[in-house]
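For the sequence shown, full-length UniProt numbering gives the first residue as 1, with consecutive numbering after it.
For each residue, glycine too, the CB sits at the ideal point set by N, CA and C.
The structure under discussion appears below in the form of structure tokens.
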Amino acid sequence: MSTPIDLTALKNRQMVAWASGDYAVIGTTLQIVGEQLAEACDLRCDELVLDVAAGNGNVTLAAARRGCKVTSTDYVAALLERGEDRARAERLEVIFQVADAEALPFDDASYDAVLSTFGVMFAPDQAKAAAELARVVRPGGRIGLANWTPEGFVGQMFKTLGQHLPPPPGAQPPSNWGNEAWLHTHFDEHDFQTQVTRRTFNFRYRSAAHFIDTFRSWYGPVHKAFAALPADGAAALEKDFTALLNRTNRAGEGSLVVPSEYLEVVITRR
């Protein structure tokens, strides 16, 4: 019999990983995704909005720019501080609060919209996180998500990472959230209507080496992976990342433009 996975230990390791490096360096390049999600959810002035696993606050800012009353949450306080700096610079009023996506400290049906861009999908207990999103959104409200797909570039990047540093047995891949069937399974039974649009985000860097150097320095999971591997293992990972990037680059030899598919998801509570 297999030993049940220790989700608490996995979460603690994730927290350390996301607190390492500086995700904001990567996160700010994804701002367009937050803006598009805010429009897809048709956010209105004065609506109560919750950003779950907000990181440095891309969709937090997008909602606040549309006049919403936003609470921005993450389990890594340092990431919220980056979001708070950005909100202050734009003179946007946002509440920032440390909170776990799997145990949100909010009442049932308390938000008009609950959003997450490439955040909640990394929660270890995926079913619990999905149930929490469903719990805190009011009837008639929306859950808006941006989730990397398994087939897209980021899904393949994490698959490559797992070949060099295998996840604990029983750990569920974050890319489950980028699977339409998985979303219907976890939300339709809660009396929700799920609409999915496939979109593409383009990573733009000078070269594969520039991308790897940036992610190795600042993107927590990649930063920790390189630090954990011996020199030959790190070299092998770099080689595989380079091959993946060059294979998916649509810009030719002079630059790097890598399309990465994600699901833009709007789930309406009936």
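Go to S217, then tell me how far its alpha helix (DSSP H) extends in each direction, as first and last residue.
S217: member of the alpha helix (DSSP H) spanning 208-218, first to last residue.
How many angstroms separate the CA atom of L240 from the CA atom of T160?
According to the sequence shown, residue 240 is Asp rather than Leu. For D240 and T160, the gap between their C-alpha atoms comes out near 7 Å.
Cα-Cα separation between L133 and E253, rounded to whole angstroms
Going from the Cα of L133 to the Cα of E253 covers about 43 Å.
Using DSSP's beta-bridge definition, name the partner residues of N147.
The partner list for N147 (beta bridge, DSSP) reads L263.
Per DSSP, which one or two residues make a beta bridge with Y111?
V137.
Decide yes or no for the touch test of the region 65-72 against the region 31-51: beta carbon pairs closer than 8 Å, at least 3 of them.
Yes: the two stretches touch, three or more of their Cβ pairs being nearer than 8 Å.
Along the beta strand (DSSP E) that carries D51, what are the first and last residues, could you check?
Looking at the DSSP string, the run of the beta strand (DSSP E) that includes D51 is 48-51.
Around the C-beta of T185, are 16 or more other C-beta atoms found within 10 angstroms, so that it is buried, or is it exposed?
Exposed, because fewer than 16 other Cβ atoms sit within 10 Å of the Cβ of T185.
How many whole angstroms separate the CB atoms of L197 and E151, which I take to be in contact at a CB cut-off of 8 Å?
Before going on, a small fix: residue 197 reads as Thr here, not Leu. Contact between T197 and E151 is absent: CB atoms are separated by about 15 Å, not below the 8 Å threshold.
In the structure shown, what three-state DSSP assignment does S175 receive?
In the structure shown, S175 falls within a helical segment according to DSSP collapsed to helix, strand and coil.
In DSSP terms, what F203 is bridged to
DSSP, once it has assigned bridges, lists V258 as partnering F203.
Assigned exposure category for C41 - 16 Cβ within 10 Å defines buried:
Per the 10 Å Cβ criterion, buried.
Look at the alpha carbon of L80 and the alpha carbon of R13, and state the distance between them as a whole number of angstroms.
Cα-Cα distance, rounded: 18 Å.
Determine the closest residue to P221 out of I5, D6, K11, with distance taken between C-alpha atoms.
The residue with the shortest Cα to Cα distance from P221 is K11.
Tell me whether A130 sits in a helix, a strand or coil according to DSSP, three-state version.
Looking at A130 - three-state DSSP - the assignment turns out to be helix.
Can the beta-carbon of V137 be found less than 8 Å from the beta-carbon of R269?
In this structure, R269 lies closer than 8 Å to V137 by Cβ.
Own chain, CB closer than 6 Å to A17, minus 5 neighbours either side, in chain order
Setting aside the 5 residues that flank it on each side, A17 is surrounded in the same chain by G220, P221, K224, each with a C-beta closer than 6 Å to its C-beta; the list follows chain order.
Identified DSSP bridge partners for K239:
By DSSP's assignment, K239 forms no beta bridge with any residue.
Are three or more beta carbon pairs between the region 254-261 and the region 195-209 nearer than 8 Å?
Inter-segment contact for the region 254-261 and the region 195-209 is present: three or more beta-carbon pairs are separated by less than 8 Å.
Collapsed DSSP secondary structure at D191 in the structure displayed
Residue state, collapsed to three classes: coil.
Sorry if obvious, but does the Cβ on V265 come closer than 7 Å to a heavy atom of the ligand ADP?
The ligand ADP is not part of the structure shown, which contains no ligands of any sort.
Measuring alpha carbon to alpha carbon, tell me which of M121, G233, F211 ends up nearest W182.
Here the closest residue by C-alpha is M121.
Closest by CA to E93, which one among P169, A99, D108, A62?
Ranked by how close their Cα comes to the Cα of E93, the residues P169, A99, D108, A62 have A62 in first place.
Between the region 27-44 and the region 143-158, can you find at least three pairs of beta-carbon atoms closer than 8 Å?
With a cut-off of 8 Å, the region 27-44 and the region 143-158 count as touching, because enough Cβ pairs lie within range.
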